[in-house]
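Residue numbers (our numbering): 41 to 355.
Below is the structure:
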């Protein structure tokens, strides 16, 4: 019996070593194929990856869940760089920005970090555009540091509490057991096509632009650190949104909200339809038939909203 147990333990240990070796190799390959596009900043001991392009008023773009700066550099940032100085950050634990902690950086912690990074880049009062989870980070920035932004553009932003439970996937990837056992298996063995299919589902009812999946690097999302950081952030966001809502009354910047009517990821009725009444002077543009990835599926409308917010701010 003892020999059997020893064999089982050895087998498990060997299997774990093999899984981690495969995961290491896949992560290394992903980072070779999708290297950092920008520069690194040291912000109070945390390495932050930032992409800067163009000239003009400072404009910070903040990506959503599971993504990285490449979501914004695919099309939107280069287009805006013709008349703005565009700054795109990887959020903590995603892309090439380090995690702030091992419990999931809060919305306010992320906003504080990115605000400090923007200041290092000479942008103390930038225009802020955030999409989805990134929109919630932008709202935290605007609500807790209202004097440090020039204008605010929440795009399909998570902004108000909801009553649907956390999905099984995020319950697992945010649990200690899941992070220890399942996440390495996902990194080692999940085909890239699974992530690409997930990307397509987020774009529904539209489809992802040609070349988008190849640009963002689906394999970057499958790295163990990214899966764990994203899982923790998704687990915590509902409670953090509940805490954030009372602070919306502090927001004084010109605010242009954009949301698609066909968004089933961050529902219009729960989020932006309420948010427009929670921020003084906010305006809401509802885009008929557009899904969650508004900044790609309706890029013209997002650019126009940024321009309107800037004009209202007198920039």
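Beta carbons: idealized from backbone N, C-alpha and C, even for Gly.
Quick caveat: nothing in here was measured; it's all calculated off a predicted structure.
What residue range does the alpha helix (DSSP H) around residue i cover?
i           : result
residue 382 : The question about residue 382 has no answer, for the chain in this structure spans 41 to 355.
residue 74  : Neither: residue 74 is in no alpha helix (DSSP H) and is coded neither H nor E.
residue 315 : 312-318
residue 346 : 339-352
Find the nearest neighbour of residue i within the set the options, judged by alpha-carbon distance.
i           : options            : result
residue 320 : 334, 329, 287      : 287
residue 190 : 63, 221, 166       : 166
residue 184 : 354, 292, 66, 351  : 292
residue 80  : 276, 154, 168, 188 : 154
residue 101 : 244, 176, 187, 331 : 176
residue 237 : 199, 252, 225      : 252
residue 345 : 290, 169, 310, 261 : 169
residue 222 : 248, 265, 254, 94  : 265
residue 163 : 116, 99, 58, 214   : 99
residue 85  : 94, 138, 112       : 138
residue 226 : 61, 41, 322        : 61
residue 108 : 256, 343, 276, 341 : 256
residue 348 : 150, 298, 254      : 298
Between residue i and chain B, is there a C-beta pair that is closer than 9 Å?
i           : result
residue 183 : Given the protein chain composition of this structure (a single chain), no chain B is represented.
Looking at residue i: is its Cβ nearer than 9 Å to the Cβ of residue j?
i           : j           : result
residue 312 : residue 326 : yes
residue 136 : residue 97  : no
residue 230 : residue 334 : no
residue 233 : residue 197 : no
residue 74  : residue 259 : yes
residue 362 : residue 329 : The structure shown does not extend to residue 362, since the chain is modelled only from 41 through 355, so no value can be given for it.
residue 110 : residue 77  : yes
residue 70  : residue 268 : no
residue 294 : residue 192 : yes
residue 182 : residue 83  : no
residue 201 : residue 290 : no
residue 278 : residue 180 : no
residue 53  : residue 95  : no
Taking residue i as part of the beta strand (DSSP E), name the residues at either end of that continuous run.
i           : result
residue 324 : 323-327
residue 295 : 294-300
residue 92  : 86-93
residue 131 : Residue 131 -> no beta strand (DSSP E), and no H or E assigned at all.
residue 83  : 79-83
The ligand NAP heavy atoms versus the CB of residue i: any closer than 8 Å?
i           : result
residue 262 : Looking for the ligand NAP in the displayed structure turns up nothing, as the structure carries no ligands at all.
- prompt: Do the stretch 270-284 and the stretch 143-152 meet, that is, are 3 or more Cβ pairs less than 8 Å apart?
  reply: yes
task: Examine the Cβ distances between the stretch 223-243 and the stretch 85-95 and report whether three or more of them are shorter than 8 Å.
output: no
- request: May I have a chain-ordered list of the beta strand (DSSP E) segments no shorter than 3 residues that lie completely inside the stretch 136-212?
  value: 167-171, 191-195
field: Minimum length 4: unbroken alpha helix (DSSP H) runs contained in the stretch 241-268
entry: 252-256, 258-261
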